[in-house]
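Asks:
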Amino acid sequence: MLTLRATSINWLNGSPLSAGDLCAHGKVEMLVDGTTLVSPGQDDLTLSAAALYLLRTLKDDHTPDNPVAEANLLFPCCGHAVFKNNGRYSVVCIGCPNGVDVYVRHQSDQVTLQAAESDAFHTIPLQEWRRAVLAFVSQVEQFYEANERSEPSTPEDEEGWRLFWQEWQSRATAARSEA
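So in the working numbering the end of the sequence shown lands on 180, straight run, no missing numbers.
(1) Using the Cβ count rule (16 or more neighbours within 10 Å means buried), how would you classify Met2?
(2) Among the residues of its own chain, which have a CB less than 7 Å from the CB of Ser9, if the five just before and after it don't count?
(3) Since Val101 contacts Gln43 with CB under 8 Å, what's their CB separation in whole angstroms?
(4) When the Cα of Val81 is compared with those of Ala72, Thr4, Ile95, which residue comes out closest?
(5) Determine the contact status of Val103 and Leu75, defining contact as a CB-CB distance below 8 Å.
(6) I think Leu32 touches Phe137, with their Cβ atoms under 8 Å apart; what is that distance to the nearest whole Å?
(7) For Leu23, does the three-state DSSP call read helix, strand or coil?
(8) When DSSP builds the beta bridges, which residues end up paired with Val92?
(9) Take Trp162 and list the residues in its own chain whose beta-carbon comes closer than 8 Å to its own, dropping the five residues that flank it on each side.
(10) Starting from Ser49, follow the beta strand (DSSP E) in both directions and report where the run begins and ends.
(11) First and last residue of the alpha helix (DSSP H) that includes Pro68?
(12) Taking the beta carbon of Phe122 as the centre, do at least 16 other beta carbons fall within 10 Å, making it buried, or is it exposed?
(13) At what residues does the alpha helix (DSSP H) containing Ser40 begin and finish?
(14) Glu159 to Phe165, Cα distance in whole Å?
(15) Whose C-beta lies closer than 8 Å to the C-beta of Arg132 among residues of the same chain, with five residues either side of it excluded?
(16) Count the other C-beta atoms from every protein chain shown that fall within 10 angstroms of the C-beta of Gln108, then say buried if there are 16 or more, exposed otherwise.
This is the structure:
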């Protein structure tokens, strides 16, 4: 059984307004059959970037050699710099090297999860992974819908965030139609 959820969602430093930071932050709990892959005791993570990366894992593997989180971890501490990208994905979220990485590998209709610092593998049905990812994405979406936020401050930021939300919506819509 898989548990993947945001245990809290907030703007940076718990501010009631985003105050220039466009990212949702918070804590994450991820367990598979009672084994913790991401602990809610971790420092705040960037949930907006994590949600986009998780949507990418519905189709693509996330491995050290082929990450869906280019220049970042699956559950990043920071993902605040969002830029147009000419790489594997149209947008890249740059941050610090901290956070939690969980590898995701597809095998037919199964997904294998592995915490980066562990040798243990956990295999679950792809459908269960999709449901958990979409529930996590919905948590973050609900936070954005319910809270006032800042607008991008530069043309580069505006373009990066526009691409971020376009990819998010496209992937979420596709995943929901397959659920």
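No residue lacks a Cβ here, since even glycine has one placed at the ideal position from N, Cα and C.
Replies: The answer reads as follows:
(1) The residue given as residue 2 occupies position 1 in the sequence shown. Met2 should be labelled exposed.
(2) Counting from one through the sequence shown, the residue named residue 9 turns up at place 8. Once the five neighbours on either side are set aside, the close Cβ partners of Ser9 are Gly27, Lys28.
(3) Mapped onto the sequence shown, residue 101 falls at position 100. Mapped onto the sequence shown, residue 43 falls at position 42. Val101 to Gln43, Cβ: 6 Å. Contact.
(4) By one-based count along the sequence shown, residue 81 stands at place 80. In the sequence as presented, Val is not what sits at residue 81; that position holds His. Cα-wise, what sits closest to His81 is Ile95.
(5) Reading the sequence shown from its first residue, position 102 is the one you call residue 103. Reading the sequence shown from its first residue, position 74 is the one you call residue 75. Their beta carbons are under 8 Å apart, which means Val103 touches Leu75 by this criterion.
(6) Translated into positions along the sequence shown, residue 32 becomes position 31. Translated into positions along the sequence shown, residue 137 becomes position 136. Contact doesn't hold; Cβ gap of about 13 Å is too wide.
(7) For the purposes of this step, residue 23 is taken as the residue at position 22 of the sequence shown. Leu23 falls in the coil class under three-state DSSP.
(8) In the sequence shown, the residue the question calls residue 92 occupies position 91. For Val92, which the question treats as bridged, DSSP gives the partners Lys85.
(9) Here residue 162 refers to the residue found at position 161 of the sequence shown. Cβ-Cβ distances below 8 Å link Trp162 to Leu23, Val83, Pro153 in the same chain, with the five nearest sequence neighbours on each side left out; the list follows chain order.
(10) Position 48 of the sequence shown, counted from the start, is the residue given in the question as residue 49. Per DSSP, Ser49 belongs to no beta strand (DSSP E); it is in the alpha helix (DSSP H), 48-57.
(11) Taking the sequence shown and counting its residues from 1, the one referred to as residue 68 is at position 67. For Pro68, no alpha helix (DSSP H) segment is defined, and its DSSP state is neither H nor E.
(12) Here residue 122 refers to the residue found at position 121 when the sequence shown is read from its first residue. Around the beta carbon of Phe122, a 10 Å sphere encloses fewer than 16 other beta carbons of the protein chains shown; the residue is thus reported as exposed.
(13) On the sequence shown, residue 40 is found 39 positions in, with the first residue counted as 1. Per DSSP, Ser40 is not a residue of any alpha helix (DSSP H), being assigned neither H nor E.
(14) Position 158 of the sequence shown, counting from 1, holds the residue named residue 159. Position 164 of the sequence shown, counting from 1, holds the residue named residue 165. Looking at the two C-alpha atoms, the distance is approximately 10 Å.
(15) For the purposes of this step, residue 132 is taken as residue 131 along the sequence shown, with counting starting at 1. Ala180, listed in sequence order.
(16) The count along the sequence shown starts at 1 and reaches residue 108 at position 107. Around the beta carbon of Gln108, fewer than 16 other beta carbons sit within 10 angstroms, so the residue counts as exposed.
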